[in-house]
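Residue numbers (our numbering), protein chains in the order written: chain A, -7 to 547; chain B, 995 to 1324. Everything below concerns the one structure shown next.
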């Protein structure tokens, strides 16, 4: 019929539409993981249905400003909002703030709040709430780990109910992002806070009132947390009616529940992604996604140890370790070798830095330059009678890290370095070894923020026992760059500054950068509207929907 | 009998204090502080902030001061607040979980007792029969099977493959919308697998004890007397045999309480049941000392209570203990 010349002119538009739909379908079907019932019966966005997620730990509270576990932040993110948020390309966009101005000297930020946004109890969100949140964050009694950016503020003022202005001591580039912090309702919390009550003990921490796309419904300790679509959300009611976080403390149980379709969304391990979900029934019922996660793993050295102070030793290790082998063997190819302390794909990431392809001969030559040679013929390099032998410590319960450690051990042995592995439980690992700087080498990972500022990790002033430069890295030029990088908002300037920083990191190898693992979420195929982007998949959660025919939970 | 009970309880008090003292010291000896977990490698947490937290929790004081402070509060039943960001009262946190764990444990004890006793009697009365051999094999398998592994097997079989029973949790997500009887069935169906797994080991153990005990009793003189009197075999076995054989079984049942409580840690984690066992392991990993110590107090008290109940029931079923109760029963 499509080939015949229809006399009716009205036939043309539907046919065009049909072609359009076909293209959409082809585009969707060409993604191998997206095969299944879903593509065929999409009748467009519809309200309704429940999305069940699994969380390995219970949430710890519903005032996200003072929690640090990811589950609490995830639930809190649906209930509350910040002044700003990041979009699919990790660019800063307004949330409660409609727009903002940065003063010419880059020290003052003026936020213009969206008008008519309501708290879930009906009160309007105003600059008073922002001001209360600011004062709460800088209160020394507040048990928060996120207060530092707010302490840089010299002056904060409510200009009018919808305008809030903060002035910093110096230009502070991460400032804007820090305003993504949860804005708290002052009409609910301020009286208690003024009376000296610990806000963790308030009703708000169990039964929160927020301003976000979902209303809090229920939190049954250790069992589940339920939120429901906010019909009055300023950006439009979210399609998915209800989100349930089921708390299941065992990874194997989560996976079994997923296979029985009792859970609609969770994260997979590389082996689950590659092998255990590789059968037609699963592929029909779920869509798997894969994108770079915000973090990298590294092999760090205690730079107070004279043996590791010469960069040629660290470069030798970088040459001796085959990072692709770790990605292929441990992550089953789900990740990529890291070349520096940033995630590939961000605007500040520099592609063209020095890399260290696998080259054991080069590694041996570099070590020989420094004086490490096998003089006694026992297969282990030595210098001044001492063999090159050290212990690598890493935390328990992370199988990927343990396997990585074993691969490194074998590769270093091949160049004559004797590395022992010691695996310690997390709290003990941090307290006994990291804080006291009592380690030779460590295998750890860093989570990455949405700003290139890494002052706390690499600056020479941050080597104290409770600070994050545990490896005691000191480099005057790096210090200068890190200081300069946070003092300007100009993207081009910052890109140049952090570019040079990455060159130095690559040359010096203060740590051997190992790999950036992939995030591997899996979502029920009945959920539509997911568009993977540099930010992952959850950024447009309120636009996800289940077509009417595919809805599973009617109530 | 009352004097015996009172003395038994009084003896338990120093025992409990000893347990608490040792637990407290061991907890303090373990490396890692709650403040470390709360702010583990947060890029923005400063040393000063951590010190604020340490003072807030009194962790900057010497250990004996911390212990005395803690004991003096516990005596007043004040277990303080959790170190977790929820900052809730420890008693509230435990109170909402204790019925689940206690309920499960009582249910498990009932199942163990009501299954192990007939099983033991049957295998003892048919010693060396095929049934006896089959139960022997069952018992060895029961002993040798790790809980968490067995749990996964039954979850895969009944939950994933057959789809007869729910895999984890205590209630279905649509629980509120079910009719009353549907709710009852929903709840029971969620309990079947965890109770099965939790009782497997204890069942094997106790049925073996029952069998051994009965086999021993059967050889006693009074049994021969009973038979010689011309009593029917059923009466001989149940009235004279089983009643006497039950004595050690009843005692052991009380002593199984600590084991079941310990088992709750695994069962509740694998089956996602929000009980005390789950809370225990979470508190241990996060060094939530107030919760952890409160759970130790409760666990130790329950175990001691189990011991006392075992002794008392022993006294009840065994007239010899009752008669000589004045001083020599210990």
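From the three backbone atoms N, C-alpha and C, an ideal C-beta is built for every residue, glycine too. All figures in this text were calculated on a predicted structure; none of them were measured in a lab.
key: Nearest-angstrom Cα separation, counted from residue 1113 (chain B) out to residue 1013 (chain B)   = 36 angstroms
inquiry  = By alpha-carbon positions, which one of A:95, A:178 and A:61 ends up nearest to residue 127 (chain A)?
reply    = A:178
query = When you compare only the Cα positions, how much space is there between residue 548 (chain A) and residue 265 (chain A)?
reply = This structure leaves residue 548 (chain A) out entirely; chain A is present only between -7 and 547.
task = Check whether the Cβ of residue 241 (chain A) lies closer than 7 angstroms to any Cβ atom in chain B.
result = yes
ask   = Hey, quick one: how far does the alpha helix (DSSP H) through residue 1192 (chain B) stretch, first residue to last?
value = 1174 to 1212
Residue nearest to residue 1340 (chain B) in terms of C-alpha spacing, selected from B:1150, B:1258 and B:1142 = Nothing about residue 1340 (chain B) can be read from this structure; chain B reaches only from 995 to 1324.
task = Please look up how many angstroms separate the CB atoms of residue 322 (chain A) and residue 392 (chain A), rounded, as I've assumed it's under 8 angstroms.
result = 5 angstroms between Cβ atoms; contact.
ask   = Does residue 1162 (chain B) come within less than 7 angstroms of chain A when only Cβ atoms are used?
value = yes
C-alpha distance - residue 281 (chain A) paired with residue 1240 (chain B), whole-angstrom precision = 60 angstroms
ask   = Relative to chain B, which residues along the segment 273 to 290 of chain A have a C-beta separation below 8 angstroms, given in chain order?
value = Flagged: no residues at all.
ask   = Beta-carbon of residue 1272 (chain B) versus every beta-carbon of chain A: anything under 7 angstroms?
value = Closer than 7 angstroms: yes.
task = Provide the residue span of the beta strand (DSSP E) that contains residue 558 (chain A), from first to last.
result = Lying outside -7 to 547, the shown extent of chain A, residue 558 (chain A) is not represented and no answer is given.
task = Let me know the secondary structure DSSP gives residue 414 (chain A) once reduced to three states.
result = strand
ask   = For residue 1118 (chain B), which three-state DSSP category applies?
value = helix
ask   = Name the chain A residues that come within less than 7 angstroms of residue 1153 (chain B), Cβ to Cβ?
value = 248 and 252
message = I need the boundaries of the alpha helix (DSSP H) containing residue 970 (chain B), first residue and last residue.
response = This structure cannot settle anything about residue 970 (chain B), because the visible part of chain B is limited to 995 through 1324.
task = Over the uninterrupted alpha helix (DSSP H) stretch that includes residue 498 (chain A), give me the two end residues.
result = 483 to 500
query = So the alpha helix (DSSP H) residue 339 (chain A) belongs to, where does it begin and stop?
reply = Per DSSP, residue 339 (chain A) belongs to no alpha helix (DSSP H) and is neither H nor E.
message = If contact is defined by three or more beta carbon pairs under 8 angstroms, each pair taking one atom from either stretch, is the segment 54 to 70 of chain A in contact with the segment 497 to 516 of chain A?
response = no
key: Exposure of residue 453 (chain A), with buried meaning 16 or more beta-carbon neighbours within 10 Å   = exposed
key: residue 1074 (chain B) in three-state terms, based on DSSP   = coil
query = Nearest-angstrom Cα distance between residue 252 (chain A) and residue 1154 (chain B)?
reply = 6 angstroms
query = Which word fits residue 367 (chain A), buried or exposed, when buried means at least 16 other C-beta atoms lie within 10 angstroms of its C-beta?
reply = exposed
Under the three-state DSSP convention, the category residue 1238 (chain B) falls into = helix
key: chain A contacts made by the segment 1076 to 1090 of chain B, where a contact means CB separation under 8 angstroms   = 1078, 1079, 1080, 1081, 1082, 1087 and 1090
message = For residue 1021 (chain B), would you say it is in contact with chain A, using Cβ-to-Cβ distances shorter than 7 angstroms as the test?
response = no
query = With burial defined as no fewer than 16 other Cβ atoms inside 10 Å of the residue's Cβ, what is the status of residue 43 (chain A): buried or exposed?
reply = Residue 43 (chain A) comes out buried.
request  = Can you give me the Cβ contacts of residue 1007 (chain B) inside the same chain, cut-off strictly under 6 angstroms, excluding the 5 residues immediately before and after it?
outcome  = none
query = Around the C-beta of residue 24 (chain A), are 16 or more other C-beta atoms found within 10 angstroms, so that it is buried, or is it exposed?
reply = With a pLDDT of 36 at residue 24 (chain A), under the threshold of 50, the modelled position of that residue is not reliable, and the figure given next carries that caveat. Taking all protein chains in view, the Cβ of residue 24 (chain A) is surrounded by fewer than 16 other Cβ atoms within 10 Å, so the residue is classified as exposed.
ask   = Across which residues does DSSP place residue 329 (chain A) in a beta bridge pair?
value = A:507
ask   = Between residue 305 (chain A) and residue 299 (chain A), what straight-line distance do the alpha-carbon atoms span, to the nearest angstrom?
value = One C-alpha to the other measures close to 8 angstroms.
key: Listed by chain order, chain A residues near residue 1292 (chain B) by CB distance under 8 angstroms   = Ordered by position in chain A, no residue passes the 8 angstroms Cβ test against residue 1292 (chain B), which lies about 17 angstroms from the chain.
key: Residues within the segment 200 to 226 of chain A neighbouring chain B, beta-carbon criterion of under 8 angstroms   = 212, 213, 214, 215 and 216
query = For chain A, is any of its Cβ atoms less than 7 angstroms away from the one on residue 1217 (chain B)?
reply = no
key: Buried/exposed call for residue 35 (chain A), threshold 16 Cβ in 10 Å   = exposed
message = With a threshold of 6 angstroms (Cβ to nearest heavy atom), would residue 1067 (chain B) be considered close to the ligand FAD?
response = In the structure shown, the ligand FAD is absent, as is every other ligand, since no ligand is present at all.
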